[in-house]
Structure formats: C-alpha cells, structure tokens
Amino acid sequence: MSLSFKLDAKKTAVIFIEFQNEFTSEGGKLYDAVKPSLEHFNTLENAAKLLKKARASRCKVIHCPISFEQGHEEIGNRPYGILKGVKDGEAFTAGTWNADFIDSMKPEKNEFIVKGKVGLDSFHNTNLDSILRRNAVEEVVLCGFLANCCVESTMRTAYENGYNVYTVKDACAATSVEEQDNCFEHNFGMFSVPTTTEETISSIKVGGLLANRNFGIYEKEATDDSTVVEFEVDANNTTETQWA
C-alpha cells in the first residue's frame, strides 16, 4: 500500500456489502462464480476478522444487503447488464435463504442494516448516507461483493460525497481473480485508498480506549491520543504486554 493511515473508530464506519448466502454459501446461485476469488483472497475469513475488530473497536458497523420481491419487478421489464442476470436467475429473493446473511456475518444488536438496495450503488435510493451523516462518520471502509460492481459503485459515490474511503481488497470477491486484481490496480486508487484486512485492522485508533490483541476493550486512557497502544492479556488476565 502506498499510503499509511489511521482510522479514528469514533468517526469510522465499516460497510459489509452483500455478505449473503447467494454469494457466500454453497448452494447460492452465484457461489460458484465467486468461489475462485473467495478461496484465493480468503475473503470470508478476512471479512469475519475485520468485523470482529470493528465491533470491538466500536466503529459503526453497517450491513448492506440487496434483495428483491418475488418477480423482481424492481428491476423493470427491460433489464440488461448484470441486473438482467439477477432477474432471470431470480437471485436474492426477499425472505429466502439465498438473500439471508451468511451465519458468520449476521448483524448484531445496534448494528445498521441498510434499507432499500435494489441496485449496484449502496447509496442509491437507500438510507446509507443518512446513517453515515447522522452518526458523524468521516471514514468509510468498504468490503464485499462484487469488487468491480457494487463495491466499486458504492466507493465512487462515497468519494463524491466527501467521505474518506478505504477499500479492503482481500475482504472482497469478484467473478474472477483477474477481475478483482484489475479493478484494484487500475480503478480503486482513483477513488479510495486500496488496502488489506491486516492494514485496516492495524490502522484503527480507539482513542481513549485500548483494544487487546483478541480485540477486547479496556477502559484505560491512552498516553498519546494520536497513537494506539494495545495490550495482550494472558489467559489468567494477570499480565499485560505492550505489543503495538
């Protein structure tokens, strides 16, 4: 990565786009298409790790699913492009297992679920921008499906709306490894800071709170508000070791 950065957890939202069974689970209609990318980048493992860190650090956690009513009339009668494939395949039908979140990424209490997404851009006709602005979010971290479709569409609008945008390559997936590599190499650097799961996790600054290596929270003041000091506590909770 070419830029180093720190993320203030109080001003940061991590947005998880379409971690739904249709993409993420065997039996999903689009699972086979993204499976090579999932396996190559360890997408689901990395996304779960990022979600765990975001929760522990008290970032805003936002889940952004897509779904359509039976018949997919939201797409219209003359669809083309990627949404034609969604309609023809009856993908992401509301109320079905296919449209549900994968178990490892299910929302918890006090996390946001974006409403109204029936297209590619997570901002278009949804409450996402309202959620971000009402919660004083300045930094937006993106991951999910597809890297060169909904993630990129969302990233471009977030950039245009004035947010500082970070896109996590190895917590995304596409319909091929080559497509995912290409969009990060050629497109994403124009509208976001391309980054990785480990870089993002290490960048999150909790302010006056300290996060341990297992992502637990300790009510303890940092000596320098511009840095994060993290501690590892042993199994008996008796030893603190500074590690960051």
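Just so you know, the sequence shown maps onto residues 72 to 315 in our numbering. All C-beta atoms in this analysis are idealised placements derived from N, C-alpha and C, irrespective of residue type, glycine included.
Flag this pair as yes or no: are the beta carbons of residue i and residue j separated by less than 8 Å?
| i | j | result |
| --- | --- | --- |
| N117 | I173 | no |
| A80 | C130 | yes |
| F183 | I202 | yes |
| K100 | G160 | yes |
| K220 | I153 | It is Cys, not Lys, that sits at residue 220 in the sequence shown. Yes, they are a contact pair. |
| S96 | A244 | no |
| S274 | K77 | yes |
| V212 | T271 | yes |
| T238 | T197 | no |
| Y102 | F90 | no |
Hey, residue i and residue j are a contact pair by Cβ (cut 8 Å); roughly how many whole angstroms apart?
| i | j | result |
| --- | --- | --- |
| A104 | T246 | 5 Å |
| V277 | H111 | Incorrect: roughly 32 Å between the Cβ atoms, too far for contact. |
Spatial neighbours of residue i within its chain, please: CB distance less than 7 Å, with the 5 preceding and 5 following residues excluded, ordered by chain position.
| i | result |
| --- | --- |
| A242 | T114, N117, A118, L121, C214, T268 |
| A125 | V85, V132 |
| S175 | L115, A119 |
| N308 | Residue placement at N308 is flagged as unreliable, the pLDDT there being 37, under the threshold of 50; the coordinate-derived value follows with that caveat. Correct list: empty, nothing qualifies. |
Within 8 Å of any Cβ in chain B, is that where the Cβ of residue i sits?
| i | result |
| --- | --- |
| A80 | Among the chains of the structure shown, chain B does not appear; only one protein chain is present. |
Considering only residues of the same chain and omitting the five flanking positions on each side of residue i, which have a CB-CB separation below 6 Å?
| i | result |
| --- | --- |
| L199 | V185, S193 |
| P178 | H134, I184 |
| W168 | N92 |
| V222 | I88, L213, G215, C243 |
| I146 | L154, K158 |
| V236 | V211, M226, A229, Y230, S263 |
| A218 | C243, A245, Q251, C254 |
| F286 | Bear in mind that the predicted position of F286 carries a pLDDT of just 42, short of 50, making it unreliable; the figure below should be weighed with that in mind. So the qualifying residues of the chain are K123, K124, A127. |
| H143 | K158 |
For residue i, which residues in the same chain have their Cβ closer than 8 Å to its Cβ, ignoring the five residues on either side in sequence?
| i | result |
| --- | --- |
| K82 | A207, V208, E209, E210 |
| Y234 | L203, V208, E209, E210, V211 |
Tell me the start and end of each unbroken beta strand (DSSP E) in the segment 88-137 that is at least 3 residues and wholly inside, in chain order. 131-135
Any chance the segment 259-266 sits against the segment 230-240, with 3 or more Cβ pairs inside 8 Å? yes
Are the segment 189-199 and the segment 137-157 touching by the rule of at least three beta carbon pairs closer than 8 Å? yes
Contained alpha helix (DSSP H) runs [length at least 4] in the segment 235-283, N- to C-terminal order: 248-254, 268-274
At which residue ranges does the segment 152-189 contain complete alpha helix (DSSP H) runs of 4 or more residues, listed in the order of the chain? 153-159
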